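Some notes on the structure that comes next.
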Amino acid sequence: MTRTTELPTGGLLRFATAGSVDDGKSTLVGRLLHDSKSVLADQLEAVERASAGRGQEAPDLALLTDGLRAEREQGITIDVAYRYFATPRRRFILADTPGHVQYTRNMVTGASTADLTVILVDARHGVVEQTRRHAAIAALLRVPQVVLAVNKMDLVGYREPVFATIVAEFTAYAAELGIPAVTAIPISALAGDNVVEPSAVMDWYGGSTVLEHLETVPVGQGPAHRRARLPVQYVIRPRTAAHPDYRGYAGQVAAGAFRVGEPVTVLPSGRTTRISAIDLLGRRVAVAGAGQSVTVLLEDDIDVSRGDLIVPTADAPPTTQEIEATVCHVADEALTVGHRVLLKHGTRTVKAIVEDIPSRLTLDDLTLHPHSGRLVANDIGRVRIRTAEPLPVDSYADSRRTGSFILIDPGDGTTLTAGMVGASFADPGPADGAADPAEDAGWDF
Amino acid sequence: MTTATTATTATAPPTATPTTAETGSTDDPGARTHADVLEAEAVHIIREVAGEFERPVILFSGGKDSVVLLHLALKAFAPAPVPFALLHVDTGHNFPEVLAYRDRVVAAHGLRLHVASVQDYLDRGVLKERADGTRNPLQTLPLTDRIRSEGFDAVFGGARRDEEKARAKERVFSLRDRFSQWDPRRQRPELWQLYNGRHAPGEHVRVFPLSDWTELDVWEYVAREGIELPEIYFAHEREVFRRSGMWLPVGDWGGPEEGERVEKRRVRYRTVGDMSCTGAVDSEAVTLDQVIAEISASRLSERGATRADDKLSEASMEDRKREGYF
Numbered sequence: 097m098t099r100t101t102e103l104p105t106g107g108l109l110r111f112a113t114a115g116s117v118d119d120g121k122s123t124l125v126g127r128l129l130h131d132s133k134s135v136l137a138d139q140l141e142a143v144e145r146a147s148a149g150r151g152q153e154a155p156d157l158a159l160l161t162d163g164l165r166a167e168r169e170q171g172i173t174i175d176v177a178y179r180y181f182a183t184p185r186r187r188f189i190l191a192d193t194p195g196h197v198q199y200t201r202n203m204v205t206g207a208s209t210a211d212l213t214v215i216l217v218d219a220r221h222g223v224v225e226q227t228r229r230h231a232a233i234a235a236l237l238r239v240p241q242v243v244l245a246v247n248k249m250d251l252v253g254y255r256e257p258v259f260a261t262i263v264a265e266f267t268a269y270a271a272e273l274g275i276p277a278v279t280a281i282p283i284s285a286l287a288g289d290n291v292v293e294p295s296a297v298m299d300w301y302g303g304s305t306v307l308e309h310l311e312t313v314p315v316g317q318g319p320a321h322r323r324a325r326l327p328v329q330y331v332i333r334p335r336t337a338a339h340p341d342y343r344g345y346a347g348q349v350a351a352g353a354f355r356v357g358e359p360v361t362v363l364p365s366g367r368t369t370r371i372s373a374i375d376l377l378g379r380r381v382a383v384a385g386a387g388q389s390v391t392v393l394l395e396d397d398i399d400v401s402r403g404d405l406i407v408p409t410a411d412a413p414p415t416t417q418e419i420e421a422t423v424c425h426v427a428d429e430a431l432t433v434g435h436r437v438l439l440k441h442g443t444r445t446v447k448a449i450v451e452d453i454p455s456r457l458t459l460d461d462l463t464l465h466p467h468s469g470r471l472v473a474n475d476i477g478r479v480r481i482r483t484a485e486p487l488p489v490d491s492y493a494d495s496r497r498t499g500s501f502i503l504i505d506p507g508d509g510t511t512l513t514a515g516m517v518g519a520s521f522a523d524p525g526p527a528d529g530a531a532d533p534a535e536d537a538g539w540d541f
Numbered sequence: 003m004t005t006a007t008t009a010t011t012a013t014a015p016p017t018a019t020p021t022t023a024e025t026g027s028t029d030d031p032g033a034r035t036h037a038d039v040l041e042a043e044a045v046h047i048i049r050e051v052a053g054e055f056e057r058p059v060i061l062f063s064g065g066k067d068s069v070v071l072l073h074l075a076l077k078a079f080a081p082a083p084v085p086f087a088l089l090h091v092d093t094g095h096n097f098p099e100v101l102a103y104r105d106r107v108v109a110a111h112g113l114r115l116h117v118a119s120v121q122d123y124l125d126r127g128v129l130k131e132r133a134d135g136t137r138n139p140l141q142t143l144p145l146t147d148r149i150r151s152e153g154f155d156a157v158f159g160g161a162r163r164d165e166e167k168a169r170a171k172e173r174v175f176s177l178r179d180r181f182s183q184w185d186p187r188r189q190r191p192e193l194w195q196l197y198n199g200r201h202a203p204g205e206h207v208r209v210f211p212l213s214d215w216t217e218l219d220v221w222e223y224v225a226r227e228g229i230e231l232p233e234i235y236f237a238h239e240r241e242v243f244r245r246s247g248m249w250l251p252v253g254d255w256g257g258p259e260e261g262e263r264v265e266k267r268r269v270r271y272r273t274v275g276d277m278s279c280t281g282a283v284d285s286e287a288v289t290l291d292q293v294i295a296e297i298s299a300s301r302l303s304e305r306g307a308t309r310a311d312d313k314l315s316e317a318s319m320e321d322r323k324r325e326g327y328f
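Residue numbers (the numbering used here), protein chains in the order written: chain W, 97 to 541; chain G, 3 to 328.
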């Protein structure tokens, strides 16, 4: 691992990789780790030993990341793996996600916390169904930055027109999805072109290498300007001689900032008071910002418990028992209309019922199937959910943290569905609400 | 600068006191160090467990990762006490310095300590000593038995994803069946920061708040917070001998065998575990800064340098985790 005792100034970048099987994703990740000197001697020796044991001539860098028995046996990536590396400029957490269709849910897992996603394309095949699926997921999850890495340029003679055609097709599709900007980089993960070192053979390309781009891309500095939200995780009441009256509400600030003295409202009860103090893990502070785990003390002794949401009185969201959202179904068991589930939003888990599944999306061509009634594993669709108690939900477009939820099977606790509140490109909207019934013939499950 | 010898406050978090910080603070909510980010997330995870589970416990070995985990728990609930007990799996071959440290920490914070003893299982004939003398694989049964008998429903571990390839695949909340087994193919997707702690009776969840930390992150945090560690993490003279390319400590666990030559060397440890399989590294580092400098220059990973049992096979960690080990 590249060790640096001085903290890099560029902060932390969380990114995810996505690509079809055999696009060379594991090789890209291996190359990134290897060429940035993030692989230690004993780890490399293990890879060399394993590669030699299978009769391979060169060390197979993909073995650096495929960690499970089944993955090595089948030569594919089954599950998300997290990698950690650092350069003098920045630290990175990489969610290395599988490309197989049946593991789309794992890509959703990786993308849900990513600041950036690298979508890999094989230069020989261009934009394929999986590419569109990956772009659509990045758009749905609102990953702030998208990189298109056109790999295997060595196999197309490093020709610029091949790259340009793929970029044009992908960019047009991304624009349709509402992805604001795409950074495209021609690479060869196997040969090392434009991954860490600039390519010596693609002088027509004047942009950054993959690593340079990752090191310099601006990272969203916590949306401090956004509406402040504090989901209460736990009530801290020492009841000790030293702290007989201490009563603090612990939680991680989901968005925005809170200040001492600020009038706040506790939802869903709607009671109002003011913040009297903020403890930042042992230090009294005047302001707490997004991402910080804090304990807030209130002026009045009102009823607050786990699951409540503290918000600025001036900027309180409405509470609702009707939630419309775009969801990705992640469980093997189907989600159907009438399904009774648990819904976890922030720190609150409530009973809920799936009232309607108005549409299901085909990612390949972005067509909507109206009134599908059910969603199976890896499906993306719209749902309408009624909750047993009112919830203060934001739109996912405003806040990934308070605009997201998961559905849970109340029987065995399985995570069923990832939900994003509000409109998205998967939303049929009032205009396309009545989709062409002829499409029904195309249902394929 | 914090040194091993001057850091005497055992994992004591600073207590919040109403001071003058409210006046004209220039705290910028956006300005946070990498350590601040990792700390805030770990605390969030620890508090989620406190909010969702009936009977959590912290697996505590006295190793640096579990020491940091305990420190984070102390900060997460301050000024209230930590609402969890500790569980130590004692292999019977532990370093005496580590056991002394463990007992000091427990006393200092008024914690409750459960000890699951491998020796006890050997004495009762439930487990048999292995030919190679290592007791690491023998820990699984006492651990899982104790989890069941005490009814622990969430078990915190200090494991990090950067340690090993199988660990890199594990979720922060890792569901275990009633036999404590891990099935990597049936992991729950973990979305946003919405950790799902639901489980059926008899199942439990292993929780890893340090998942996103690297070895260096842990050391830098130890330095920043002035956390005391067991002395064996710093360079000291010790009688050791060479086995499988590692310096193992002389002790009544069974080393050395015939033909293994004992030497006195200046060493320190990068991990704390069973004496039979935890190797020492040559070192001159007696302060945290020196340890950090040595680690930064090392070309060996933590486990590669010091763990004999991980070399057993390419998938030894995965296999042990499937059986219920961390």
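Beta carbons are placed, not taken as given, at the ideal position from N, Cα and C, and that holds for glycine.
A quick note: this is a predicted structure, and the numbers were derived from the prediction, not measured.
When W/Ile275, W/Tyr269, W/Leu244, W/Glu272 are compared against serine 284 of chain W, the one with the closest alpha-carbon: W/Leu244
Inter-stretch contact at 8 angstroms, needing at least 3 Cβ pairs: the region 297-308 of chain W / the region 330-349 of chain W: no
Histidine 238 of chain G (DSSP reduced to helix, strand or coil): strand
For glycine 253 of chain W and glycine 115 of chain W, the rounded distance between their alpha carbons: 21 angstroms
Aspartate 38 of chain G (DSSP reduced to helix, strand or coil): helix
Against chain W: residues of the region 51-76 of chain G by CB proximity under 8 angstroms: Ala52, Gly53
Short Cβ contact (7 angstroms threshold) for leucine 159 of chain W with alanine 146 of chain W: yes
is_contact[threonine 113 of chain W, chain G] using C-beta, thresh 7 angstroms: no
Contacting residues, own chain, Cβ-Cβ under 6 angstroms from aspartate 404 of chain W (five flanking each side not counted): Val328, Val362
Beta-ladder partner(s) of glycine 228 of chain G, from DSSP: The partner list for glycine 228 of chain G (beta bridge, DSSP) is empty, contrary to what the question assumes.
Backbone CA spacing between proline 191 of chain G and alanine 338 of chain W [nearest angstrom]: 43 angstroms
is_contact[leucine 2 of chain G, chain W] using C-beta, thresh 7 angstroms: Because chain G is modelled from 3 through 328, residue 2 of chain G falls outside the range shown and cannot be assessed.
DSSP bridge partner residues for proline 251 of chain G (one or two, in chain order): G/Val242
Near-chain W residues of the region 81-114 of chain G (beta-carbon distance less than 8 angstroms), N- to C-terminal order: Pro81, Ala82, Pro83
With 16 other Cβ atoms within 10 Å as the buried cut-off, status of alanine 142 of chain W: buried
Where alanine 246 of chain G falls, given that 16 or more other Cβ within 10 Å makes a residue buried: This sequence places serine at residue 246 of chain G; alanine is not what is there. When all chains shown are included, serine 246 of chain G counts as exposed.
Arginine 34 of chain G: contacting residues in chain W (beta-carbon distance under 9 angstroms): Gly107, Gly318, Gly385, Gly387, Gln388
Backbone secondary structure at lysine 266 of chain G - three-state DSSP: strand
Residue-level contact to chain W via CB, alanine 202 of chain G, 7 angstroms cutoff: yes
Contact with chain W by isoleucine 303 of chain G, beta-carbon distance below 7 angstroms: Note on identity: in this sequence residue 303 of chain G is serine, with isoleucine being the wrong assignment. Yes, serine 303 of chain G lies at the interface with chain W (some Cβ there is under 7 angstroms from its Cβ).
For leucine 544 of chain W, the residue or residues it bridges with in DSSP: Only positions 97 to 541 of chain W appear in this structure, which leaves residue 544 of chain W out of reach.
Length-filtered (3 minimum) beta strand (DSSP E) runs lying within the region 462-507 of chain W: 463-466, 476-487, 500-504
Neighbour flag for alanine 377 of chain W against chain G, beta carbons, 7 angstroms: The sequence as given places leucine at residue 377 of chain W; alanine does not occur at that position. Taking Cβ atoms only, chain G reaches closer than 7 angstroms to leucine 377 of chain W, which makes this a yes.
Residue(s) in a DSSP beta bridge with valine 117 of chain G: G/His90
Chain G contacts from the region 135-147 of chain W (Cβ-Cβ distance under 7 angstroms): Leu136, Ala137, Asp138, Gln139, Ala146
Interface flag, isoleucine 172 of chain W vs chain G, CB-CB below 7 angstroms: Note that isoleucine 172 of chain W has pLDDT 49, beneath the 50 cutoff, so the model's placement of it is unreliable and no number is given.
Short Cβ contact (7 angstroms threshold) for isoleucine 476 of chain W with alanine 448 of chain W: no
Beta bridge counterpart(s) of arginine 444 of chain W as assigned by DSSP: W/His441
Chain-ordered chain G contacts of threonine 205 of chain W [CB-CB under 7 angstroms]: Pro191, Glu192, Leu193
Cα-Cα separation between isoleucine 485 of chain W and glycine 509 of chain W, rounded to whole angstroms: For the record, residue 485 of chain W in the displayed sequence is glutamate; it is not isoleucine. Their backbone Cα atoms lie some 20 angstroms apart in a straight line.
Cutoff 7 angstroms; reference aspartate 179 of chain G; Cβ partners in own chain excluding five residues on either side: Glu205
Buried or exposed by the 16-neighbour rule on C-beta atoms within 10 Å, applied to threonine 513 of chain W: buried
Spatial distance of serine 491 of chain W from alanine 522 of chain W (CA atoms): 14 angstroms
Residue interval of the alpha helix (DSSP H) (run including glycine 256 of chain G): Per DSSP, glycine 256 of chain G belongs to no alpha helix (DSSP H) and is neither H nor E.
Rounded straight-line distance, which links the Cα of serine 372 of chain W to that of glutamate 395 of chain W: 5 angstroms
Chain-ordered chain W contacts of asparagine 138 of chain G [CB-CB under 7 angstroms]: None at all; the shortest Cβ gap to chain W is about 19 angstroms.
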